[in-house]
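Shown next, in structure tokens, is the structure this report addresses.
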Amino acid sequence: MTSQAKDARAKGGRFDVRAAAPEAHAAMAAFDTAAGAGLDPALAELVRVRASRLNGCAMCLAMHTDAARRFGEDERRLRALASWRDSPLFDRAERAALALTDAMTAVGDGVPGGVVDAARGHFGDAGLAHLMWTIAAINAWNRVGVAAASAAREER
């Protein structure tokens with residue numbers, strides 16, 4: 026076991042990808058920032074929380090739940106994300122964003138055209154593009170976080 030792996034395990038994870046490839050981490054962080062720049066920050070965090078739950082990434086789930094709270098997200102809505110389709114707490118635009126999040130996160134099932142069209146109807150072409158890139162970015166973060174067995178922590 027390398028000293029880096031030992032350090033990561035001591036911190037509660039399997040491998041510190043940030044320390045091992047800081048340039049890739051910085052590029053991914055810049056991509057994530059650019060992706061979310063065209064969205065309402067609270068909506069972007071809802072999407073990130075939903076994808077992180079679906080992907081089982083504890084670190085991202087903790088980080089983005091905290092960020093959603095900082096942007097004023099209500100605890101009831103955060104809890105309701107698990108069953109957003111049945112909850113009256115989300116408006117039509119949020120539902121369209123969450124439907125796209127679910128579809129893009131479970132991409133093996135395909136992304137129905139109606140889901141994309143509904144999101145485009147609420148966000149326009151540029152907003153849809155930012156939403157898609159934000160979903161793609163959080164899915165990438167989640168996959169790396171799960172693979173590296175990252176422990177929940179404050180920042181990436």
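If you count by this note's numbering, then the sequence shown holds residues 26 to 181, one letter each, in order.
We put the CB at the ideal spot given by N, CA and C, even for glycine.
- Taking all protein chains shown into account, A76 has 16 or more neighbouring C-beta atoms within 10 Å of its C-beta and is therefore buried.
- Boundaries of the alpha helix (DSSP H) harbouring L103: E100 to A105, taken from the DSSP string.
- If you compare the alpha carbons of L71, R117, I163 and G139 with that of R101, the shortest gap goes to L71.
- The Cβ atoms of V140 and A124 sit closer than 7 Å to each other.
- Nearest in C-alpha terms to F148, of all of A122, R110, G61 and R94, is A122.
- For L79, the closest alpha carbon among the candidates A173, A143 and N164 is that of N164.
- With 16 or more other Cβ atoms from the protein chains shown falling within 10 Å of its own Cβ, A60 counts as buried.
- Contact holds between the segment 166 to 174 and the segment 39 to 55, because three or more Cβ pairs, one in each stretch, are under 8 Å apart.
- Rounded to the nearest whole angstrom, the C-alpha separation of A49 and A107 is 31 Å.
- In summary, L114 is exposed, with fewer than 16 beta-carbon neighbours lying within 10 Å of its beta-carbon over all protein chains present.
- One Cα belongs to G146, the other to G152, and the distance between them is close to 10 Å.
- At least 7 Å separates the beta-carbon of A118 from that of S112.
- Rounded to whole angstroms, the gap between the alpha carbons of A128 and A51 is 27 Å.
- For the pair A162 and F96, the CB atoms are not nearer than the 7 Å cut-off.
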